[in-house]
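Peer 1: This is the structure, below, for whatever I ask next.
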Amino acid sequence: MRPAPQSPPPLIAGLLRPQAYLHPAPAPRLIETHISWVILAGDYAYKLKKPLDLGFLDFSTLDKRLACCREEIRLNRRLAADIYLEVVAITGDADAPRIDGDGPVLEWAVKMRAFPAEATLDREVAISAAQIDAIADRVAAFHDAAEVTPAADPHGSADAVMLPVTANFAQLRALLPLAADAERAGQVDRLHAWSLTEGGRLRAHFAARKAGGCVRECHGDLHLGNIAWVDGHPLIFDAIEFNPGLRHIDVVNEIAFLVMDLLHRGREALAWRCLNRYLEHTGDYAGLAALPYYLVYRAMVRAKVAAILASQHAGEGGADFAECFAYLDLAERLATPHSTVLVLMHGVSGSGKTWHSQRLLEELGAIRLRSDVERKRLYGLSTLARSDSVPGGIYGAEAGARTLARLLELSGALLRAGFPVIVDATFIRRDWRQPFAGLAVELKLPWFLAAADAPPEVLRQRVARRAAAGADASEAGLDVLESQLAAREPFTADEAPHVLALEADANATLARIRAALGQASQGLDTPIG
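The opening residue of the sequence shown carries number 1100 in the numbering used here; numbering runs sequentially from there.
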């Protein structure tokens, strides 16, 4: 949202007077989006819908705006029940309107409990890792509880997924002066062609996701401008009420919007942190096959919104499409294939593998698979749940074989889909390392063993502290650590060239992996089109 830069309509101007309200509102303030007016009045905010028909939304009549106000209350109470209060009538006349006064209804508004406008995270100079973790946790829980779109409902079908993607390009072309800018016209054409080709390739994937219950009634507009940080917690608001097709979507389509927004703001490390945190909760690695498609789509959505705003607020010198063009550039980068790599973390419990792998995934834009998490998932356990109740336990030979097979299966699928992959397991035994090395060789990809270590007394201290805290997926205690120390198998001559000593120099490790990615990309990374 942005402050309104030009004179508002009379009704909105009237609502900027304190006497329009039954409660104290000493200095009402207007915030405007491309489809709404929001008036901050004392302890409350009132959101009015602009009388627009933009194709993807229709607020053209008073009855339609009322229906959408009611939907907005229903949908947003799922994530912000304390904020979304009721639908209220605006009465009186345009020059002297009243909230819930006498007389005919001029307009309808959603009444919300106000929170500081500057609390939205799109305004934050710095967003912390803890904030991103809390948001990812909240979104994962929301998706888990969200209503699954019925199989008979057309939303989420391959055609329904591709419809707004195609519509974006038509709407964008109508807004941009492409006839006078051959370079931008070519860019839009390339992105359109890529989206059509990629959407066609993914049709079976879209159908499988719908059949698997991965299409749900989501938020629909999950970017940082719709997330506030209030009282130490994320407040997610402004879900899409005006078009069910834009909220009955694949959950990966939803999280892709937030990831894209972080990438657009130059916060790549937080983007990959967010995605990985979400995936640790959901285990929805299969959905990543369409992640590039959704990232490009979401960048194009924001390009369109930026173009609408630029057109609405064009000055004497014409519309400023700089923000729109920035999103187009991002979309083209996201549509360009990149080389990938397989990184196997190596080390006993307490050696710092997970800490190092967190940094690596953020720096490399990788997907991390944690053996502790995936082992528990195989047995229906959450990340922090204890495994004592599982008959036979989850750390025997059979459970280990199942975990190895699952990690190998996921790694292969992700690498084939073009993602750098980090597998966070001990890898102290050669019979675990060899299948992954074989996978990398089969796929002709660079691979590394990122080895973490520490003196035995430090390892014991770390493991003891972690076990006492109970805030990690690992259940390894001191007895497990001692058995791991005794079971470590040295690297073979074939493995040695792939070993990276993390404790020696983490920056050198990153540099070597990036160099391998650069070599692997020779002739592979090609522009779209």
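In this text, a Cβ means the ideal position worked out from N, Cα and C, and glycines have one as well.
For residue 1267, count neighbouring Cβ atoms within 10 angstroms of its own Cβ and tell me buried if that reaches 16, exposed if not.
Peer 2: Classification for residue 1267: buried.
Peer 1: With DSSP as the reference, label residue 1535 as helix, strand or coil.
Peer 2: Of the three classes helix, strand and coil, the one that applies to residue 1535 here is helix, per DSSP.
Peer 1: Per DSSP, residue 1137 is paired with what?
Peer 2: According to DSSP, which records beta bridges pairwise, residue 1137 is partnered with 1130 and 1146.
Peer 1: To the nearest angstrom, report how far apart residue 1257 and residue 1264 are at their CA atoms.
Peer 2: Their backbone Cα atoms lie some 11 Å apart in a straight line.
Peer 1: CA-CA distance, residue 1178 and residue 1241?
Peer 2: The straight-line gap from Cα to Cα measures roughly 8 Å.
Peer 1: Unbroken alpha helix (DSSP H) runs of length 4 or more, entirely within the segment 1258-1331: which are they?
Peer 2: Within the segment 1258-1331, the complete alpha helix (DSSP H) runs of at least 4 residues are 1281-1300 and 1302-1310.
Peer 1: Going by C-alpha to C-alpha distance, which of 1123, 1122 and 1137 sits closest to residue 1112?
Peer 2: Here the closest residue by C-alpha is 1137.
Peer 1: When burial is assigned at 16 or more other CB atoms within 10 Å of the CB, is residue 1622 buried or exposed?
Peer 2: With a pLDDT of 36 at residue 1622, under the threshold of 50, the modelled position of this residue cannot be trusted; read the value that follows with caution. Result: exposed.
Peer 1: Please name the residue in 1410, 1456 and 1358 whose C-alpha comes closest to that of residue 1608.
Peer 2: That would be 1456, whose Cα lies nearest to the Cα of residue 1608.
Peer 1: Could you tell me which of 1591, 1168, 1458 and 1510 sits nearest to residue 1541, measuring between CA atoms?
Peer 2: When each option's Cα is compared against that of residue 1541, the closest is 1510.
Peer 1: Among residues of its own chain, excluding the 5 on either side of residue 1443, which ones have a beta-carbon nearer than 6 Å to its beta-carbon?
Peer 2: Hits under 6 Å: 1522, 1526, 1535 and 1548.
Peer 1: Indicate whether residue 1129 and residue 1115 have their beta-carbon atoms separated by less than 8 Å.
Peer 2: Result yes, Cβ atoms of residue 1129 and residue 1115 sit closer than 8 Å.
Peer 1: How would you call residue 1175, buried or exposed, if buried means at least 16 neighbouring beta carbons within 10 angstroms?
Peer 2: Buried is the call here.
Peer 1: Run through DSSP, which three-state label would residue 1629 get?
Peer 2: Residue coverage of the chain in this structure runs from 1100 to 1628, which leaves residue 1629 outside it and unanswerable.
Peer 1: Report the rounded CA-to-CA distance for residue 1277 versus residue 1284, giving the unit in angstroms.
Peer 2: Each residue's Cα considered, the two are about 5 Å apart.
Peer 1: Over what stretch of residues does the beta strand (DSSP E) that includes residue 1347 continue unbroken?
Peer 2: Taken as a continuous stretch (DSSP letters only), the beta strand (DSSP E) holding residue 1347 covers 1347-1349.
Peer 1: Determine the closest residue to residue 1475 out of 1467, 1468 and 1484, with distance taken between C-alpha atoms.
Peer 2: When only C-alpha atoms are compared, the closest one is 1484.
Peer 1: Give the DSSP-derived three-state secondary structure of residue 1116 in the structure shown.
Peer 2: Note: residue 1116 maps to coil in three-state DSSP.
Peer 1: So the alpha helix (DSSP H) residue 1181 belongs to, where does it begin and stop?
Peer 2: Unbroken run through residue 1181: none, as it is neither H nor E.
Peer 1: Pair every Cβ in the segment 1414-1431 with every Cβ in the segment 1397-1406, then say whether three or more of these pairs are closer than 8 Å.
Peer 2: With the cut-off at 8 Å, the segment 1414-1431 and the segment 1397-1406 touch.
Peer 1: When DSSP labels each residue in this structure, what does residue 1333 get in the three-state scheme?
Peer 2: The answer is strand: DSSP assigns residue 1333 an E or B state.
Peer 1: Quick one: Cα of residue 1161 to Cα of residue 1468, how far?
Peer 2: Roughly 51 Å separates the two Cα atoms.
Peer 1: For the 8 Å Cβ check, are there 3 or more pairs between the segment 1230-1246 and the segment 1315-1333?
Peer 2: Yes, the segment 1230-1246 is in contact with the segment 1315-1333.
Peer 1: Here's a check: name, in chain order, each residue in its chain whose Cβ is nearer than 6 Å to the Cβ of residue 1370, leaving out the five neighbours to either side.
Peer 2: The residues are 1358, 1361 and 1362.
Peer 1: Counting C-beta neighbours from all protein chains within 10 Å, is the total for residue 1224 16 or more, i.e. buried, or is it exposed?
Peer 2: It is exposed - the Cβ of residue 1224 has fewer than 16 other Cβ atoms within 10 Å.
Peer 1: Go ahead and label residue 1352 buried or exposed: buried means 16 or more other beta carbons lie within 10 angstroms of its beta carbon, across all protein chains shown.
Peer 2: It counts as buried.
Peer 1: Within 10 Å of its beta-carbon, does residue 1473 have 16 or more other beta-carbons around it, so buried, or fewer, so exposed?
Peer 2: Label assigned to residue 1473: buried.
Peer 1: Looking only at C-alpha atoms, which of 1173, 1499 and 1235 sits nearest to residue 1377?
Peer 2: The shortest Cα separation from residue 1377 among 1173, 1499 and 1235 belongs to 1235.
Peer 1: Classify residue 1592 as helix, strand or coil using the three-state DSSP reduction.
Peer 2: Three-state DSSP puts residue 1592 in coil, outside helix and strand.
Peer 1: Which residues does DSSP list as the beta-bridge partners of residue 1445?
Peer 2: Answer by DSSP bridge pairing, in chain order: 1550.
Peer 1: So residue 1562 and residue 1486 are supposed to be a Cβ contact under 8 Å. How far apart are they, rounded?
Peer 2: Not a contact, Cβ separation roughly 17 Å.
Peer 1: Does the contact criterion of 3 or more C-beta pairs under 8 Å hold for the segment 1295-1315 versus the segment 1382-1393?
Peer 2: Because the criterion of three Cβ pairs below 8 Å is met, the segment 1295-1315 and the segment 1382-1393 touch.
Peer 1: Grab me the residues of residue 1616's own chain with a C-beta within less than 6 Å of its C-beta, minus the 5 sequence neighbours each way, in chain order.
Peer 2: Within the same chain, residue 1616 has close Cβ partners 1438 and 1440.
Peer 1: For residue 1538 and residue 1515, I'd like the C-alpha separation in whole angstroms.
Peer 2: Using only the alpha carbons, I get a separation of about 10 Å.
Peer 1: I'd like the list of long-range same chain contacts for residue 1119, defined as Cβ closer than 7 Å, with 5 residues on each side in sequence excluded.
Peer 2: Taken in chain order, the residues that qualify are 1113, 1196, 1197 and 1198.
Peer 1: So, with DSSP's three-state summary, where would you put residue 1109?
Peer 2: The answer is helix: DSSP assigns residue 1109 an H, G or I state.
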